[in-house]
Ligand code: GLA
Ligand code: ZN
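In our numbering, the protein residues as written are 1 to 677.
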């Protein structure tokens, strides 16, 4: 794997370049990313291109043996372009062009913008086509779904709907348009989602608009990819990704890319309360799961984050190095720190880099050097990959449907996924985050949190999986909607009812209020796997409390066994968590949202019943992962806390329980152990 930085030569006079490149070499930088916002410098006037400055810095890096990720600068078109061609600017839901001056505000569907993009890319790629030091191209920057309401998008959306449904009657049926006189009599009545009352808009129509917005982005990305590949067919292509408000369908976005990249900014504040969810490794696993392959971190935490908000705490000692190694432990093949030096001007001057504006290397820079040093001694080869026995399903469409109709205060689709991810991590079980539409038959345990919107095909796959011996976990808010985002007209969990062996008699969206829950005698052992370290003993986490919040499905039983019941409210003693024996396997139904302790102990129980390999004795916040190739296995043990942790770990697998091994880890320390095969 490689370590690098994001660099903005255009922000600093040429005087800086020579010394910067030399300092990067000394610091062990192997790769830099440049150019993603530099359109204004590359085409200062319409049709007048200037790559001379870029040539200079590119050759400096090339001479220094530092590889380059070059970017298409299309996220920030220059000011002259906006002035001359205002039709390239996105239109908001108020029907007005969004104010310019910020970035990312171009409409990806605008033919005129596409034209400008085409010329720019052809010139740029052609110019650098023979440079063998370019490791990859990054297309654009942090692409969101193209949520634009301009006339071009309106027409394209109409075409999208027409192509999908063919007749206007079919559209009316799919959207249930008899509500509020919403029936269309012609395709010309279909518009983008205008208006301040977005929640008054038809959710079925909104889901289609989200699908369309995502498809537009995917198409735009592939348009750029096509232009690059025409000139350099073998070039590796990627785009850097995050979790914006309008998330594109990750799986489609990266279908045509060579690898996934992610911008990783873990929190610098560790929650005091161990009950508080703390699982940013979730994002890393989500990124690995997109292509089920190793990925890159294109931007990595380097200092206090600010600019878009008041500044966060600066990373504690150990965090910068620890989080980079944590990314490697979850499958990153490159980690590029954002950024080499903090900006001195522009909107982001308080989003800190490794070195501050003074250019005097300090603590954060020293830590970065220690990171490159560690990886020199202990290289993590790209051919080592991660193989897990458990998976969590991510459904793009359920995420959209949840965003369109929030279910209860405090309940977010991603938090549900994260909570299960956290529970596997605490139980020493590696977990993959994968597309709900993909094949999950190879796993032992599959959790499908809040599969709000699901179809027969998915339900069929889940049944098949369990019938053959798999362990499947369903939760509240599953099977609620059909593919048109209309409610199903049967008892929930709808198409999953047979598999779960339960039905929802009524539900209570309790929100943030905590409620007691009781585990049935002998049904599962609380915290049997989690080791509570000395420090954790003083905290609420050790108090053995089990409770739930947000949502309570009051369950009726068909064939399932009851594992836990509600401990209060008018449905005291009603089933809350169940297990249904189905074929050779088991299907769990979790009708509520357990607190962290409850979640960890439930997953611990499922891991035990499923016979999944795990590490016993991990203190809270310590993470274990493995990368392996045919030649070797690399074990990563990471203390993701700011306290020293002592532990005695045992491996449990099909051969039984291993001997205990003692470990001690400093705050944010990563222990790397190599095992030759
Ligand atoms: C994102 C962007 C960067 C920068 C950082 C900090 O990750 O890709 O260009 O703006 O956020 O805000
Ligand atoms: Zn548009």
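Even for Gly, the Cβ is constructed at its ideal location relative to N, Cα and C.
All of these numbers come straight from a predicted model, not from anything done at the bench.
- Looking at the DSSP output, residue 575 bridges to 565.
- In the structure shown, residue 153 adopts helical secondary structure according to DSSP, grouped into three states.
- Boundaries of the beta strand (DSSP E) around residue 548: 547-557.
- For residue 490, there is no enclosing beta strand (DSSP E), as DSSP gives it neither H nor E.
- In the displayed model, residue 503 falls within a strand according to three-state DSSP.
- Within the same chain, and ignoring the five residues on either side of residue 276 in sequence, no residue has its Cβ closer than 6 Å to its Cβ.
- As computed with DSSP, residue 45 is found in a beta bridge with 48.
- Shown here, residue 666 sits in coil according to DSSP, grouped into three states, outside any helix or strand.
- Ranking 39, 624 and 157 by CA distance to the CA of residue 673 puts 624 first.
- Note on the stretch 296-362: whole beta strand (DSSP E) runs with a minimum of 3 residues are 332-337, in chain order.
- Per DSSP, residue 608 lies in no beta strand (DSSP E) segment; the continuous alpha helix (DSSP H) that holds it begins and ends at 596-610.
- According to the DSSP assignment, residue 6 belongs to the beta strand (DSSP E) that extends over 2-6.
- Using a Cβ-Cβ distance cut-off of 8 Å, the stretch 81-99 and the stretch 128-145 are not in contact, since fewer than three pairs of beta carbons, one from each stretch, lie closer than that value.
- Within a 10 Å sphere around the beta-carbon of residue 72 sit 16 or more other beta-carbons, which makes this residue buried.
- Exclusion of the five residues before and after residue 280 leaves 266 and 267 as the residues of its chain whose Cβ lies within less than 7 Å of its Cβ.
- Residue 557 and residue 636 have their C-alpha atoms spaced approximately 43 Å apart.
- With respect to residue 462, residue 496 sits close: the two C-beta atoms are nearer than 8 Å.
- Only buried fits residue 146, as 16 or more other CB atoms lie within 10 angstroms of its CB.
- About 17 Å separates the beta carbons of residue 651 and residue 386, which is beyond the 8 Å limit, so they are not a contact pair.
- Under DSSP, the beta-bridge partners assigned to residue 646 are 664.
- With the rule of 3 Cβ pairs closer than 8 Å, the stretch 236-250 does not count as touching the stretch 571-582.
- Residue 153 holds the alpha-carbon nearest to the alpha-carbon of residue 112 among 64, 153, 325 and 212.
- Burial check for residue 404: the Cβ neighbour count within 10 Å reaches 16 or more, so the residue is buried.
- In the same chain as residue 425, and ignoring 5 residues on each side of it, the C-beta atoms closer than 8 Å to its own belong to 279, 281, 431 and 623, in chain order.
- For the alpha helix (DSSP H) assignment, the uninterrupted runs of no fewer than 4 residues enclosed by the stretch 377-462 are, from N- to C-terminal side, 396-404 and 413-426.
- The beta carbon of residue 148 sits closer than 7 Å to at least one heavy atom of the ligand ZN.
- Residue 117 has its CB no nearer than 7 Å to any heavy atom of the ligand ZN.
- The Cβ-Cβ distance between residue 97 and residue 86 falls below 8 Å.
- Every beta strand (DSSP E) stretch that sits fully inside the stretch 54-102 and reaches 3 residues is listed by chain position as 67-71.
- In this structure, the straight-line span from the alpha carbon of residue 14 to that of residue 64 is close to 16 Å.
- At least one heavy atom of the ligand ZN sits closer than 7 Å to the Cβ of residue 109.
- By the CB criterion at 8 Å, residue 121 and residue 31 fall outside the cutoff.
- By the Cβ test, the stretch 454-474 is not in contact with the stretch 650-667, since fewer than three Cβ pairs between them sit closer than 8 Å.
- Residue 660 and residue 218 have their C-alpha atoms roughly 49 Å apart.
- The Cβ atoms of residue 392 and residue 607 do not sit closer than 8 Å to each other.
- Distance check between residue 336 and each of 4, 677, 671 and 676 places 4 closest, using alpha-carbon atoms only.
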